[in-house]
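Here is the structure we will look at, set down as structure tokens.
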Amino acid sequence: MIVPWCCQVEVLSHPCVGCFVTHCGWNSSLESLVCGVPGVGVPLWTDQTTNAKFIQDVWKTGVRAVPNEDGIFEADEIKKCLEVVMDGGKRSKELRNNAKKWQGLAREAAKDGGSSNLDLKAFVNEVASDVTKTHF
Numbered sequence: 001m002i003v004p005w006c007c008q009v010e011v012l013s014h015p016c017v018g019c020f021v022t023h024c025g026w027n028s029s030l031e032s033l034v035c036g037v038p039g040v041g042v043p044l045w046t047d048q049t050t051n052a053k054f055i056q057d058v059w060k061t062g063v064r065a066v067p068n069e070d071g072i073f074e075a076d077e078i079k080k081c082l083e084v085v086m087d088g089g090k091r092s093k094e095l096r097n098n099a100k101k102w103q104g105l106a107r108e109a110a111k112d113g114g115s116s117n118l119d120l121k122a123f124v125n126e127v128a129s130d131v132t133k134t135h136f
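Numbered by UniProt numbering, the letters in the sequence shown go through residues 1 to 136 in order.
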């Protein structure tokens with residue numbers, strides 16, 4: 001099926017999705033983390049290379065494809081990376097387990113009283129306080 005647009009979070013949340021091939025934009029990186037889906041990073045520019053490093057080396061939830069000398073990601077390289085994530089071997093299981101671990105941590109942080117929830121409330125209160133002091 002080819003569609004002009006779809007909700008990426010809904011797709012990543014589907015239980016049949018086993019891997020996410022991503023350009024490693026920040027939103028895509030966080031969405032795959034929150035959905036617990038391991039991935040193959042194909043970063044092209046700006047923040048994407050840094051995000052790919054987080055995915056592979058810090059969170060350990062995916063692998064980063066290596067471009068050829070012309071900066072092109074070749075089919076064989078993508079295939080090799082997909083096999084690492086999907087083959088069910090030791091590394092594949094490690095990536096999947098880490099993806100589920102980070103999914104749990106992200107959900108806990110977003111819950112009422114979680115760190116992200118509290119930080120967002122503190123930020124909103126700070127902004128509201130500054131607006132009140134400045135304008136009233």
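Think of the CB as a built atom: it goes at the ideal place given N, C-alpha and C, for glycine as much as any other residue.
Query	Result
Could you please give the first and the last residue of the uninterrupted beta strand (DSSP E) stretch that includes T22?	F20 to T22
Which class does V40 belong to by DSSP, given the choice of helix, strand or coil?	strand
Take the Cβ of I72 as the centre, count every other Cβ of all protein chains shown within 10 Å, and call the residue buried at 16 or more, exposed below.	exposed
Going straight from the alpha carbon of G25 to that of E74, what length do you get?	20 angstroms
Do you know offhand how far R96's Cα is from E69's?	30 angstroms
Mind checking N27: buried by the 16 CB within 10 Å criterion, or exposed?	exposed
For G104, does the three-state DSSP call read helix, strand or coil?	helix
Please tell me whether H23 and V9 are closer than 8 angstroms, where the distance is taken between their beta carbons.	no
Quick one: residues in its chain with C-beta nearer than 6 angstroms to the C-beta of residue 138, no 5 flanking neighbours on either side, listed in chain order?	Given that the chain is displayed from residue 1 to residue 136, the structure contains no residue 138 and the question cannot be resolved.
Do V17 and V3 have their beta-carbon atoms positioned less than 8 angstroms apart in this structure?	no
Excluding the 5 residues preceding and the 5 following M86 in the sequence, name in chain order all residues of the same chain whose CB lies nearer than 7 angstroms to its CB.	G18, C19 and S92
Determine the DSSP secondary structure at V11, reduced to helix, strand or coil.	helix
Look up V34 in the DSSP assignment and say whether it is helix, strand or coil.	helix
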